[in-house]
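All remarks here apply to the structure that follows.
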DNA sequence: AAAGGGACCTGGCTGC
DNA sequence: TGCAGCCAGGTCCCTT
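Numbering (my numbering), first residue to last: 58 to 397.
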């Protein structure tokens, strides 16, 4: 499942491949993929055609392509504020794939390889053009296709159709900082304005986040998953962060000390940084059947998907519980429930 | 107003 | 073997 590290891997790939290219045409092959687009498919096609991609930006699990003004291809500079963006959310199973005019296919796995081996793991670095790998690819779930002037294409592929794309206008950020990772412009698409900054965002006010978290009257896992509080964390990284911080997800946020909240946020930050360093492999979890969720994030998962397996810290079998209609994995020894 | 729960999806897997 | 039912979960929307 794409959470922050996976979406960032995709964003880095787009930054290296589609920025600077001009969209010639767009096709919507499944209406549900554009269900959040006012005006529907026709509107999206009309608003994206003729626009040049100025930047690939991400906040949490949302990513977007800033669009240059129509009729002025490539004229949008870093000093201009983008007025519109093509927004994408991958949902559960979405992928953004670049197909080159010569028929070669580029996949986000390329970006993963680069992030893993790249110099200083610089997230802003563009990808070397030599890094091209052909991967098997199915058009069975192709939902939206952009074709660039040079014949290259950007595909939005999504099996479970929880993802979506739309073109939207931008609004200023609430704090005046950059809208997201990948652009310094202090704007972000209106449909993303309610999404909080994520844990890898340099403009994140961590002290304020600790205060806001403790002000919530809810369970701590629910808070971690609330994208309006802090973004980018999904079910998998939430469980891993809670395990590292030795907290059970049901603990009330307002009874945690500031130090404990900081510890948890640091754990979530660390686990996502580590996943990003190996490119995030959660897409494979859908297709690879190895010991439940094993195969995802390699050997690094300590709790998620490990029901019955020994806790790497204390050896007690990891337990599985239902929470928010999802599975939660935790160690009964290291992660004690809150007292009643 | 904040918090919590259900709906939306598809395909692989399980069990009868 | 076939098939019904379960399960995965991110986000929006509605109710309380």
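Each residue gets a CB set at the ideal place from its N, CA and C atoms; glycine is no exception.
Query: Limits of the unbroken alpha helix (DSSP H) element including residue 294; Result: 292–301
Query: Cβ-Cβ separation, residue 311 to residue 287 (assumed contact under 8 Å), whole Å; Result: Their Cβ separation, rounded to whole angstroms, is 16 Å, which puts residue 287 and residue 311 out of contact at 8 Å.
Query: Contained beta strand (DSSP E) runs [length at least 3] in the segment 238–284, N- to C-terminal order; Result: 244–246
Query: Residue 207 - DSSP class collapsed to helix/strand/coil; Result: coil
Query: Close Cβ partners of residue 347 (< 8 Å) along its chain, the five nearest in sequence each way excluded; Result: In this prediction, residue 347 has a pLDDT of 24, which is less than 50 and means its spatial position is unreliable; what the coordinates show is noted afterwards. So no residue of the chain qualifies.
Query: Reference residue 314; option with closest CA among 296, 277 and 96; Result: 277
Query: CB-CB length for residue 145 against residue 213, believed under 8 Å; Result: 7 Å
Query: Residue environment, residue 379, which counts as buried when at least 16 other CB atoms sit within 10 Å; Result: exposed
Query: For residue 267 and residue 318, the rounded distance between their alpha carbons; Result: 6 Å
Query: Per-residue burial, residue 185 [other beta carbons within 10 Å of its own, 16 or more giving buried]; Result: Residue placement at residue 185 is flagged as unreliable, the pLDDT there being 26, under the threshold of 50; the coordinate-derived value follows with that caveat. Result: exposed.
Query: Alpha-carbon spacing of residue 226 relative to residue 372, whole angstroms; Result: 52 Å
Query: Cross-strand partners of residue 357 (DSSP beta bridge); Result: In the DSSP output, where bridge partners are listed per residue, residue 357 has none listed.
Query: Three-way DSSP call (helix, strand, coil) for residue 378 in this model; Result: strand
Query: Three CB pairs or more closer than 8 Å across the segment 244–255 and the segment 137–144; Result: yes
Query: Cβ pair residue 223, residue 211 closer than 8 Å; Result: no
Query: Check whether residue 94 and residue 86 have beta carbons under 8 Å apart; Result: no
Query: Candidates 263, 308 and 359, of which the one nearest residue 322 by Cα; Result: 263
Query: For residue 110, three-class secondary structure by DSSP; Result: strand
Query: Residue 227 - DSSP class collapsed to helix/strand/coil; Result: strand
Query: Coarse secondary structure for residue 215, derived from DSSP in three states; Result: strand
Query: Cα-Cα separation, residue 360 to residue 118; Result: 22 Å
Query: Through-space distance from residue 395 to residue 71, alpha-carbon basis; Result: 44 Å
Query: Short Cβ contact (8 Å threshold) for residue 155 with residue 74; Result: yes
Query: Segment limits, beta strand (DSSP E) that includes residue 82; Result: 80–85
Query: Limits of the unbroken beta strand (DSSP E) element including residue 383; Result: 383–387
Query: CB contact flag (residue 147, residue 91, <8 Å); Result: no
Query: Endpoints, the beta strand (DSSP E) within which residue 304 is located; Result: Careful: residue 304 lies outside any beta strand (DSSP E) and carries neither H nor E.
Query: Residue burial classification, residue 103 (beta-carbon count within 10 angstroms, cutoff 16); Result: exposed
Query: Separation of residue 115 from residue 238, as counted between CA atoms; Result: 5 Å
Query: Residues bridged to residue 202 (per DSSP); Result: 84 and 212
Query: Neighbourhood of residue 231 by C-beta distance below 8 Å, restricted to the same chain and skipping five residues each side; Result: 250
Query: Buried/exposed call for residue 274, threshold 16 Cβ in 10 Å; Result: exposed
Query: For residue 362 and residue 374, believed in contact at Cβ under 8 Å, the rounded distance; Result: Not really, about 13 Å apart at Cβ, beyond 8 Å.
Query: Residue of 334, 387 and 197 minimising C-alpha distance to residue 298; Result: 387
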